[in-house]
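Engineer: In my numbering, the protein residues as written are 38 to 597.
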Amino acid sequence: MTRLAALLLAVALLPLLPATAQAADPPPPSAPGARSAVAAMQPGWNLGNTYDAIPDETSWGNPPVTRALLKKVKSQGFKSIRLPVTWGIHQGGAPGYTIDPAWMTKVRQVVDWALEEDLYVLLNMHHDSWMWVNNLPTDHDTVLARYTATWKQIAAEFRDKPSRLALESINEPTFTGTSGDDENYRLLAELNRVFHRIVRDSGGGNTNRLLVLPTLYTNADQGRLDALAAELTGLRDPMVATTVHFYGWWPFSVNIAGYTRFDATSEKDLTETFDRVHDTFVARGIPVIIGEYALLAYDHYRPGIIERGEQRKYFEFLGNRARERRLTTMLWDAGPFLNRNTLQWRDPELFAQIKSSWTTRSGTASSDLVFLPKSDAITSRTLSLNPNGTVFQGLRHGSRNLLKGRDYTVSGNQLTLTATALTELAGDRAYGVNATLEARFSRGVPWRIDVITYDTPVLSNASGDTGGLTIPTRFRGDMLATMEATYDDGTNAGPANWTSYQQWDTAFTAYTGDSVKLTPDFVTSLKDNARVTLTFHFWSGAKVTYHVTKAGSTITGTIA
Numbered sequence: 038m039t040r041l042a043a044l045l046l047a048v049a050l051l052p053l054l055p056a057t058a059q060a061a062d063p064p065p066p067s068a069p070g071a072r073s074a075v076a077a078m079q080p081g082w083n084l085g086n087t088y089d090a091i092p093d094e095t096s097w098g099n100p101p102v103t104r105a106l107l108k109k110v111k112s113q114g115f116k117s118i119r120l121p122v123t124w125g126i127h128q129g130g131a132p133g134y135t136i137d138p139a140w141m142t143k144v145r146q147v148v149d150w151a152l153e154e155d156l157y158v159l160l161n162m163h164h165d166s167w168m169w170v171n172n173l174p175t176d177h178d179t180v181l182a183r184y185t186a187t188w189k190q191i192a193a194e195f196r197d198k199p200s201r202l203a204l205e206s207i208n209e210p211t212f213t214g215t216s217g218d219d220e221n222y223r224l225l226a227e228l229n230r231v232f233h234r235i236v237r238d239s240g241g242g243n244t245n246r247l248l249v250l251p252t253l254y255t256n257a258d259q260g261r262l263d264a265l266a267a268e269l270t271g272l273r274d275p276m277v278a279t280t281v282h283f284y285g286w287w288p289f290s291v292n293i294a295g296y297t298r299f300d301a302t303s304e305k306d307l308t309e310t311f312d313r314v315h316d317t318f319v320a321r322g323i324p325v326i327i328g329e330y331a332l333l334a335y336d337h338y339r340p341g342i343i344e345r346g347e348q349r350k351y352f353e354f355l356g357n358r359a360r361e362r363r364l365t366t367m368l369w370d371a372g373p374f375l376n377r378n379t380l381q382w383r384d385p386e387l388f389a390q391i392k393s394s395w396t397t398r399s400g401t402a403s404s405d406l407v408f409l410p411k412s413d414a415i416t417s418r419t420l421s422l423n424p425n426g427t428v429f430q431g432l433r434h435g436s437r438n439l440l441k442g443r444d445y446t447v448s449g450n451q452l453t454l455t456a457t458a459l460t461e462l463a464g465d466r467a468y469g470v471n472a473t474l475e476a477r478f479s480r481g482v483p484w485r486i487d488v489i490t491y492d493t494p495v496l497s498n499a500s501g502d503t504g505g506l507t508i509p510t511r512f513r514g515d516m517l518a519t520m521e522a523t524y525d526d527g528t529n530a531g532p533a534n535w536t537s538y539q540q541w542d543t544a545f546t547a548y549t550g551d552s553v554k555l556t557p558d559f560v561t562s563l564k565d566n567a568r569v570t571l572t573f574h575f576w577s578g579a580k581v582t583y584h585v586t587k588a589g590s591t592i593t594g595t596i597a
């Protein structure tokens, strides 16, 4: 059909007014059944990087899905799974765009397994969003025909499944070549309405199945939320929920611009995001699913980018705020949380914190690291406790309770470890973790505190090329937090030239115990024959400066 005919058809189905035109008319509340279903889905887990992987299930490093995996997920307290699926690479050509029957069988098998485990399932259209659906502005009729054909097949396949299966129209919708947000909102509204019509018209259980609609980019800025609210006003369907994604304050989530801690800025960003979502939808009786949440830097299991204690504070705070705002959360797990080969959590302590946050708060502290310089006399150390509504109950080392007064003191929320206790805990003062303590609170999970012996790290001269620079490093018990890079004239150096603090993984890495590495992107971004001063910031508070200079395809590093 022509573009004009397609637009007329869409208008006939439901008016495609700009979001601002309907903003004054609030969306009607969802039915009690929709609200109770979304509440029953809490907490949820994403089967990420599997059926959304390209070109196939195991292409992004995860093994084939098994029934045992879903049993494990259920046993860990999850009530639902989100099943991201990329359909387009398993389709034939126009006009039928037939989905490969073997692929459909695989997806149906996982849906059936999950339903048999009494899990809710949220099935979607995933990376298609940026692979072909994004071309809707410039190839409207073709994209709409393919989107329609795809959802007709999915709807027909799953029309008779139990109501615990929900359908999501599109993951992280984005459009290429538009004039701006007004056109983006109109195009997303068109997709969502076509999806809605197809599923509802397919009959069976789909006539009253829960349908989940995203904001533009699944972003929670107020304009995105208002545009989706306007869509719901037009649809007036009581069995609809909304979805956004959340990966934290971006500089903290990727470790850039010096945001190495879950600080007041990160807390404010999370709080305001969840409050906007609540006020726009939940307060009006419309349920919300945080369809993906985690930290961006954790996606490929690189836990060193965000320090362990700061991760825990983030997930503890997020879980609590979601409960307060009645938001259903679905952990994005592409493999870094649950090891699908062993069916064990890669970081059991972190998962325990996440799980605890579903039901209660936990106490934390200003840090989970206490550093003792190897060459200095040991003195007392003080941490600030964050009880989060709990009551501090004491410290434990292994099976032994530390003695208040002798081993530690508490004044208000200031916890002081005495020199006597730290001397005993440090033992022979070998570099690294000498002892691990647990700060226990009246509820939630304990807060881990590592007692670490260190000396200032030592870097060595090195040379490299456009493939990067490996700097031999003796960390001597310390851990890298971040790196600054500036030219001698004071301007910033590196790919992120808007900040002196460069991004971990993009500009530098430190995953091994013997080196810091500068990436090819960092090296190629440097000016020729202009000295760069690198300042490496370590978690002990130590700072080490280092010089690098690029000359053509060669880079040389020297100790400062």
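For each residue, glycine too, the CB sits at the ideal point set by N, CA and C.
My assumption, with CB atoms under 8 Å, is that A456 sits in contact with S417. Please give the rounded CB distance.
Structural biologist: 5 Å
Engineer: For S112 and D149, what's the separation of their Cα atoms in angstroms?
Structural biologist: A direct Cα-to-Cα measurement between S112 and D149 gives close to 17 Å.
Engineer: Could you check whether the segment 493 to 503 touches the segment 457 to 476, counting it as contact only if at least three pairs of C-beta atoms, one from each stretch, sit closer than 8 Å?
Structural biologist: These segments do not touch.
Engineer: Could you check if V428 is buried or exposed, using at least 16 other CB atoms within 10 Å of its CB as the buried criterion?
Structural biologist: exposed
Engineer: Between D197, V319, I126, G133, which has its C-alpha nearest W140's C-alpha?
Structural biologist: The candidate whose alpha carbon is nearest that of W140 is I126.
Engineer: If V144 sits next to Y88, beta carbons under 8 Å apart, how far is it from one beta carbon to the other, in whole angstroms?
Structural biologist: Right, their Cβ atoms sit about 6 Å apart.
Engineer: Closer than 6 Å by C-beta to R72: which residues in its own chain qualify, once you throw out the five before and the five after it? Chain order, please.
Structural biologist: Cβ within range, chain order: P324.
Engineer: Can you list the beta strand (DSSP E) stretches of 3 or more residues lying completely in the segment 469 to 542, in chain order?
Structural biologist: 469 to 478, 484 to 491, 499 to 502, 506 to 511, 517 to 524
Engineer: Quick check: the segment 337 to 357 against the segment 300 to 313, are there 3 or more CB pairs under 8 Å?
Structural biologist: yes
Engineer: Using only the alpha-carbon positions, how far apart do H561 and E153 sit?
Structural biologist: A small correction: the amino acid at residue 561 is Thr; His does not occupy that position in the sequence shown. The straight-line gap from Cα to Cα measures roughly 53 Å.
Engineer: Grab me the residues of A68's own chain with a C-beta within less than 7 Å of its C-beta, minus the 5 sequence neighbours each way, in chain order.
Structural biologist: P275, M276
Engineer: If I measure Cβ to Cβ from T510 and keep anything under 8 Å in the same chain, skipping five residues before and after, which residues do I get?
Structural biologist: P494, V495, L496, S497, A547, D551, S552, V553
Engineer: Work out the CA separation of K116 and S290 for me, nearest whole Å.
Structural biologist: In a straight line, the C-alpha of S290 is about 26 Å away from that of K116.
Engineer: Three or more C-beta pairs closer than 8 Å, one from the segment 258 to 271 and one from the segment 169 to 189: is that the case here?
Structural biologist: no
Engineer: Leaving aside the five residues before and after P101 along the sequence, list all residues of the same chain whose C-beta is less than 7 Å from its C-beta, in chain order.
Structural biologist: E94, T95
Engineer: Do L253 and S206 have their C-beta atoms closer together than 8 Å?
Structural biologist: No, they are not a contact pair.
Engineer: Check each candidate in P424, W395, E344 and name the one with the smallest Cα separation from T366.
Structural biologist: Residue W395 is the option with its Cα nearest to T366.
Engineer: What are the residues that DSSP puts in a beta bridge with H584?
Structural biologist: T570, T595
Engineer: By the 10 Å Cβ neighbour count, where 16 or more other Cβ atoms means buried, how is R246 classified, buried or exposed?
Structural biologist: buried
Engineer: Out of curiosity, what's the CA-to-CA distance linking L107 and N378?
Structural biologist: 13 Å
Engineer: Quick one: using the 10 Å Cβ neighbour count with 16 as the cut-off for buried, is W287 buried or exposed?
Structural biologist: exposed
Engineer: Measure the alpha-carbon distance for L224 versus A267 and round it to whole angstroms.
Structural biologist: 13 Å
Engineer: If you reduce the DSSP assignment to three classes, tell me which class H164 lands in.
Structural biologist: coil
Engineer: Do you know how far the Cα of K441 is from the Cα of K580?
Structural biologist: The straight-line gap from Cα to Cα measures roughly 34 Å.
Engineer: Kindly indicate which three-state DSSP category K305 falls into: helix, strand or coil?
Structural biologist: helix
Engineer: What's the gap between the Cα of D525 and the Cα of T507?
Structural biologist: 22 Å
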